[in-house]
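Worksheet: the structure to be examined is printed underneath.
In this note's numbering, the protein residues as written are 1 to 99.
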C-alpha cells in the first residue's frame, strides 16, 4: 500500500503523471516493460526491490533511473505516518514544489 499512496501524492502535483505496480507474484498489477518504457524515473520503496527490477529488466532500465525511498513495509494505504514520511522524500527526489 506504500506505492499507491506515493502515486496518489505525486499525482496531485502539477506536471506529474504516475503509475504503480508490484514485483511480487500476488501483486494486483505486475510491473510491465511498457510501464518501464513510459517512466522518466522509477521509485521503489526498498533497496531489494531495486535489485529485483535490475535483475528482471536490465536492458529496459538502461535509460530509466531507479530511486529508493527506504520505506519499510509496515504502513497501510493513506496512513498519515506514511504520508508524512514519504512526502518530503518524494519532493526532494522529484524536485516538486513544497508547501
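We treat Cβ as the ideally placed atom computed from N, Cα and C, and that holds for glycine.
Check, Outcome
"Cβ contact (3+ pairs, closer than 8 Å) linking the stretch 66–82 and the stretch 45–58", "yes"
"Minimum C-alpha distance to residue 46 - residue among 37, 39 and 3", "3"
"Limits of the unbroken beta strand (DSSP E) element including residue 67", "66–68"
"Check whether residue 96 and residue 90 have beta carbons under 8 Å apart", "yes"
"Per-residue burial, residue 59 [other beta carbons within 10 Å of its own, 16 or more giving buried]", "exposed"
"Proximal residues to residue 18 (C-beta, below 7 Å), its chain only, five neighbours per side dropped", "7, 10 and 11"
"Bridge partners - residue 83, DSSP secondary structure assignment", "According to DSSP, residue 83 bridges with nothing at all."
"Helix, strand or coil at residue 44 according to DSSP, with G and I counted as helix", "strand"
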